[in-house]
Amino acid sequence: MFLIIIVGQTIWGQSQNVYLKIQGDNLKESRLIDSLSYKQRFNDFMSLQKELNDTHKKLQYIGYIESEVSKPTKINDSTFLSKIHLRKKFYTIYIYHQKELVSSNLFQSMLTQHGDTYFVTTLSNLESVLNRINSDLANEGAPFTTVTLENIQKKDSVNLQANLVIDTKSRRNVNDVIIKGYSKFPSSFIKYFLKIKEEQSFNLEQLNKKTKKLDNLIFANQTKPPEVLFTKDSTTVYLYLEKTKSNTFDGFLGFGTNEISKKIEFDGYLNLSLTNNLNFGEQFKLLYKSDENSQKTFDLRLSMPYVLGTPIGTEFDLNIFKKDTSFTTVSQNLKLYYQINSKHKIAAGVRSIVSNNLLANSEELMQNDYNTTYYDLTYHFKKFNSNDFLFPNNFEISTSAGFGQRETTNESIAQVELKIHISKIFNLDNKNSLYVKSNYQTLQSNNYFTNELFRFGGINSIRGFEENSIQANELGYVNLEYRYRLNTNFYVNTITDAAYYENNAINIQDKLFGFGIGFGIVTKAGLLKFIYANGKKEKQNFNLNSSKIHLSLSTVF
């Protein structure tokens, strides 16, 4: 007797699976129901009944609004059969709403047929349309909106109609923004760079888009997506940020054989950039450059964004250039700029240039003392990739136009200066890419002094030539590199440079070409770049003895 009780309890303690089979009124309807891939095996009858109801709802969503489902009947020990009578299929539904509740712009992007107080959609698309309406209303500051349909009925023999009911609860505005992690993040960047402001209508989709702008900011990044705290009376946005290393030191050493003396000559520069050390988003740059042909450059630049809590920033630049014992030129530049968004910036400024001729007899060299005042307009676009240490600057455009007056003891001449710079990386795949840089500069004037001309040549313009050894009043060059990334810390590249320039001070026009190879490798000290290049003029042959080697080291700290 004891054994029988134990066995009986074991049998009844085991759960028995049940199965569901759904049929239509005919084979065609049954196949349609089967195409919904409803679940057929269950642990209990309650789960079976829920699946039957869900399947019925799916049929209603695709237009069988008048369909009826029969009570499941048991056809054997474990299988239940239910019939669904599909009846007539409806394809479209007219939904009526109050004009002021839903923007017509929403329907223009989603639907082809709509009016001021109604829209038409297919039943199969109805759920996504209602979800879109709910999402758009939430993005307009009503995150707790509910959207439902009431009074669903037949409009005619093939269409349905219903009333759209929207309960927006209370609309929400951003009341506070709290920074977690980098607590000293400059507040002006929240307001003007990210454009997140207090009392702004809350929009989660726009909030996520705005914080993505941090990808283009070099001194901070986002550690996780923003979060929002809703209380009865307030809406608080939490941003999770961290301060990143943004100071850079760039050192360059170039050397090659002098074509006349046959001796090795050296040139180089030191470029220091300090960014956001005071937590204002400020930038301080210092450049010292010494070239092979006794030229020295000192450049000091200070940029301060969002001065006094306004959207306007300032930039001051001091540049001193000395050419051996020939002349010195001092340029001072003051700009006011406006950051349109994270990538675009416009500026206007005034620039003063004073050049002193140091030679007693300089008429043959076309040098002279002069003072020039320019009024400049500039535009700058930059797309930054903070996740790529080897190639962080993905796309850049910089243009400027200066309108000025050059004054000497004998005359006053109007001048126009134009500059255009474009660089872009074209990623072919994860390892292969093309880098293209194009630069054009022109100085329009009735006559020219050699001490006011542009200077180019070397690692930052056309490689294979001495640094700043070529003078021009008009020039254009293109740099093309094929880059192959061996891993995240090492790449090799080819060099193909071409340039055209004019020097109307001494009536010279010529074409230049540079070819070479290089590589870049991440070391403990920073990114080390090596370039071997040979340059020639159009009517010259290549001379390996005039090849140049350029070494540069970039460090972030």
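Position one of the sequence shown corresponds to residue 12 (my numbering), numbered consecutively onward.
Every residue gets a Cβ at the ideal spot worked out from N, C-alpha and C, and that includes glycine.
Cutting at 7 angstroms between CB atoms, please list the residues of its own chain near residue i, excluding the five before and the five after it.
| i | result |
| --- | --- |
| residue 86 | 92 |
| residue 566 | 259, 260, 536 and 537 |
| residue 345 | 327, 360 and 361 |
| residue 99 | 77 |
| residue 216 | 150 |
| residue 517 | 377 |
| residue 534 | none |
Which one of the options has the shortest CA to CA distance from residue i?
| i | options | result |
| --- | --- | --- |
| residue 101 | 425, 77, 45 and 437 | 77 |
| residue 502 | 527, 531, 448 and 485 | 531 |
| residue 398 | 255, 510 and 433 | 255 |
| residue 95 | 133, 44, 48 and 50 | 44 |
| residue 208 | 195, 220, 434 and 184 | 184 |
| residue 192 | 156, 137, 235 and 216 | 235 |
| residue 48 | 63, 55 and 54 | 63 |
| residue 457 | 425, 433, 420 and 475 | 425 |
| residue 129 | 148, 171 and 549 | 171 |
| residue 89 | 107, 534 and 54 | 54 |
| residue 438 | 495, 412, 339 and 526 | 495 |
| residue 180 | 107, 157 and 318 | 157 |
| residue 111 | 337, 175 and 443 | 175 |
| residue 318 | 348, 332, 331 and 340 | 348 |
| residue 42 | 365, 407, 70 and 323 | 70 |
| residue 527 | 282, 480, 506 and 520 | 506 |
| residue 161 | 65, 108, 413 and 113 | 108 |
| residue 210 | 322, 169 and 182 | 182 |
| residue 539 | 518, 500 and 559 | 500 |
| residue 386 | 366, 358 and 407 | 358 |
Are residue i and residue j close, meaning C-beta to C-beta below 8 angstroms?
| i | j | result |
| --- | --- | --- |
| residue 126 | residue 214 | no |
| residue 459 | residue 504 | no |
| residue 393 | residue 404 | yes |
| residue 350 | residue 230 | no |
| residue 311 | residue 285 | no |
| residue 33 | residue 135 | no |
| residue 320 | residue 563 | no |
| residue 154 | residue 290 | no |
| residue 573 | residue 444 | Any question about residue 573 goes unanswered here, given that the chain covers just 12 to 568. |
| residue 370 | residue 337 | yes |
| residue 279 | residue 257 | no |
| residue 353 | residue 227 | yes |
Quick test of your reading: residue i and residue j, contact by CB under 8 angstroms. State the CB separation rounded to the nearest angstrom.
| i | j | result |
| --- | --- | --- |
| residue 477 | residue 469 | 7 angstroms |
| residue 436 | residue 402 | 6 angstroms |
| residue 447 | residue 491 | 6 angstroms |
| residue 360 | residue 384 | That pair is no contact at about 11 angstroms. |
| residue 410 | residue 381 | Not really, about 25 angstroms apart at Cβ, beyond 8 angstroms. |
| residue 233 | residue 251 | 6 angstroms |
| residue 104 | residue 148 | Going by Cβ atoms, the distance from residue 104 to residue 148 rounds to 20 angstroms, so no, they are not a contact pair. |
| residue 547 | residue 568 | The pair is not a contact, with the Cβ atoms about 39 angstroms apart (cut-off 8 angstroms). |
| residue 97 | residue 75 | 5 angstroms |
| residue 288 | residue 247 | The Cβ separation is near 30 angstroms, so there is no contact. |
| residue 454 | residue 465 | 7 angstroms |
| residue 475 | residue 545 | 5 angstroms |
| residue 124 | residue 131 | 4 angstroms |
Counting only the same chain and skipping the five closest in sequence on each side, list residues whose C-beta sits under 6 angstroms from that of residue i.
| i | result |
| --- | --- |
| residue 451 | 431 and 487 |
| residue 363 | 343 and 384 |
| residue 51 | 30 and 31 |
| residue 83 | 91 and 93 |
| residue 417 | 381, 383, 424 and 426 |
| residue 314 | 294 and 326 |
| residue 201 | 188 and 207 |
| residue 218 | 237 |
| residue 7 | Since the first residue of the chain shown is 12 and the last is 568, residue 7 is not available in this structure. |
| residue 473 | 488, 508, 510, 523 and 525 |
| residue 166 | 105 and 172 |
| residue 195 | 290 |
| residue 67 | 80 |
| residue 305 | 335 |
| residue 412 | 388 and 429 |
| residue 333 | 307 and 339 |
Grab me the residues of residue i's own chain with a C-beta within less than 8 angstroms of its C-beta, minus the 5 sequence neighbours each way, in chain order.
| i | result |
| --- | --- |
| residue 551 | none |
| residue 549 | 521, 522, 523 and 524 |
Checking contacts by CB at 8 angstroms: is residue i closer than that to chain C?
| i | result |
| --- | --- |
| residue 382 | No chain C is present in this structure, which holds just one protein chain. |
Starting from the N-terminal side, write out each stretch of the beta strand (DSSP E) that is 3 residues or longer and does not extend beyond the stretch 316–396. 323–334, 338–350, 355–368 and 381–395
Which whole runs of the beta strand (DSSP E) in the stretch 414–478 are 3 residues long or more, in chain order? 423–438, 443–455 and 465–467
Please give the ranges of any beta strand (DSSP E) in the stretch 145–195, keeping only runs that are unbroken, at least 3 residues long and fully inside the region. 157–165, 170–178 and 187–192
Unbroken alpha helix (DSSP H) runs of length 4 or more, entirely within the stretch 494–521: which are they? none
In chain order, which beta strand (DSSP E) runs of at least 3 residues are fully inside the stretch 197–259? 231–241 and 246–254
Can you list the beta strand (DSSP E) stretches of 3 or more residues lying completely in the stretch 49–122, in chain order? 90–96 and 103–107
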